[in-house]
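Here's the structure, in C-alpha cells; my notes come after.
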Ligand SMILES: [Mg+2]
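Residue numbers (my numbering): 2 to 352.
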C-alpha cells in the first residue's frame, strides 16, 4: 500500500461572543487544520485517514500550519507505505531538524501521524484501540468546566451540570489575582459537587515557584486532586522543586513537545501526572511512547483534551483520565467512563 495524496484544509473560526479565559490566555476564536491522507494498494479500493488540529487562538497559525504540512511534510509522505508509521515519523523529524522539529512543525508531524493511524484502522476495518492491545474497554473522563472568566456564581450550575452527566471529577481554573479568589472558586465547586467527586485545579503556567508553593499548600488543604501547570511548562527544574515540597500531585505536559522533553520531566521526578496533548506532543506514535516511558517511572497519564486520544488512553496501563468538556444534551457517562467506540479508525463515541 502506498500513500497517493495528502490534502490539507484550514478554516478560521469567527470570534467568540464571550471569549473564555484561563490565567495565561484569552481564547477568543482560533481555527482548525484538517489533514486527509489517501492510500491505495495496487488496483484495490482507496483508503482514507483523517485528522484535525484545533487552535484556541492565534488567528494566522492555521494558515501557516497548513502551508507547512502541504509544502514541506506532505511530499515526504507521498509514495510511502502508510503502515510504516514510525519510519515516516522519524523521516519528518529529520526533515524539520534544521529549523526545529518542535513547535509548529510538530503540530504538522502530529496531524500526519494521527491521520496515518486512522488510515491503518480504516484499512483493517478496526478501531485503533483494538490494534494497540487495549488495557481497558472504557476510559474514566473528567470535565474541564471552570474557565477563569466564570464568576463563582456561574461556576455552581456548571459543576452541577457536569455531575448530572455522570462525571466523577471536574477541573477549574485557578491563578486569579488573589489566592482568596481561587479559594472561593474551589469552595463553591466543592459545595456543589459534594465530598466524593475529585476536583482538579489548573493554573496555566502563571506562577513563580514561591507563589506556587504558597497557593499549592492551600489547594492541597482543600483536598484538590492535582495542581496543573503551576509554572511555565519548560521550567522542569521548578516543577521538580514543587513536586518535592508539596504533597499534592503536580501535573504538566500539555505544552511539552516530543518524547525527549518528557524524558527530562520524568528523570527529574517533576510530575506525578503527565498530560500530553495529541497535537503538540507528536501524534499518536509519540504519545504511546511517552506513556510507556511514564509508566516505567511510575507516572500517571491524563490526556490534555480528548477526541482521538481516547483510543490511545485505552492502551495505556497508567492512564487515569481523559479530559472532556460537557457532553451533548441528554448524554451521560457510564460509571464516570466513556465506552470505547466500535467504528474503524479514530472514530469518536456516538455522542
Ligand atoms: Mg491545562
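Quick reminder that beta carbons are idealized off the backbone N, C-alpha and C, glycines included.
Report the residue from the options whose alpha carbon sits nearest the alpha carbon of residue i.
i, options, result
"residue 124", "350, 344, 66", "344"
"residue 209", "140, 279, 243, 191", "243"
"residue 110", "16, 201, 292, 75", "75"
"residue 245", "255, 269, 257, 230", "269"
"residue 85", "263, 3, 293", "3"
"residue 223", "201, 231, 330, 239", "201"
"residue 247", "266, 220, 235, 259", "220"
"residue 362", "122, 142, 60, 230", "Outside the displayed span of the chain (2 to 352) sits residue 362, for which this structure offers no information."
"residue 17", "106, 58, 78, 48", "58"
"residue 299", "273, 281, 96", "273"
"residue 195", "213, 170, 296", "170"
"residue 282", "295, 255, 306, 301", "255"
Excluding sequence positions up to five away, which residues of its chain have a Cβ less than 6 Å from the Cβ of residue i?
i, result
"residue 161", "193"
"residue 271", "237, 240, 241, 244"
"residue 163", "144, 146, 171"
Any chance the CB of residue i is under 8 Å from a heavy atom of ligand 1?
i, result
"residue 68", "no"
"residue 221", "no"
"residue 276", "yes"
"residue 236", "no"
"residue 310", "no"
"residue 150", "no"
"residue 203", "yes"
"residue 100", "no"
"residue 154", "no"
"residue 197", "no"
"residue 255", "yes"
Helix, strand or coil for residue i? Go by DSSP, reduced to three states.
i, result
"residue 88", "helix"
"residue 169", "coil"
"residue 304", "coil"
"residue 10", "strand"
"residue 148", "coil"
"residue 278", "strand"
"residue 67", "helix"
"residue 333", "coil"
"residue 184", "helix"
"residue 55", "strand"
"residue 229", "strand"
"residue 220", "helix"
"residue 179", "coil"
"residue 159", "helix"
"residue 128", "strand"
"residue 328", "coil"
"residue 211", "helix"
In its own chain, which residues sit with a C-beta less than 8 Å from the C-beta of residue i, not counting the 5 before and 5 after it?
i, result
"residue 134", "316"
"residue 87", "286"
"residue 70", "7, 9, 34, 36, 109, 112, 113"
"residue 67", "9, 10, 11, 34"
"residue 129", "118, 119, 121, 122, 285, 309, 312, 313, 346, 347"
"residue 177", "24, 149, 183, 186"
Along the alpha helix (DSSP H) that carries residue i, what are the first and last residues, could you check?
i, result
"residue 339", "Residue 339 -> not in any alpha helix (DSSP H); beta strand (DSSP E) instead, spanning 338 to 340."
"residue 136", "Segment: none, residue 136 is in no alpha helix (DSSP H) and carries neither H nor E."
"residue 265", "259 to 268"
"residue 1", "Past the edges of the chain, shown from 2 to 352, lies residue 1, and the structure says nothing about it."
"residue 242", "237 to 246"
"residue 123", "105 to 125"
"residue 311", "310 to 315"
"residue 77", "75 to 78"
Quick one: give me the first and last residue of the beta strand (DSSP E) that residue i is part of.
i, result
"residue 203", "199 to 203"
"residue 41", "32 to 41"
"residue 250", "250 to 253"
"residue 320", "320 to 325"
Would you check whether ligand 3 has a heavy atom nearer than 8 Å to the C-beta of residue i?
i, result
"residue 230", "Ligands in the displayed structure: ligand 1; ligand 3 is not one of them."
Return the chain-ordered list of same chain residues with a C-beta closer than 7 Å to the C-beta of residue i, the five sequence neighbours on each side being excluded.
i, result
"residue 1", "Residue numbering for the chain in the displayed model covers 2 to 352; residue 1 lies beyond these limits and cannot be assessed."
"residue 120", "38, 40, 48, 49, 50, 83"
"residue 190", "147, 156, 160, 171, 173, 200"
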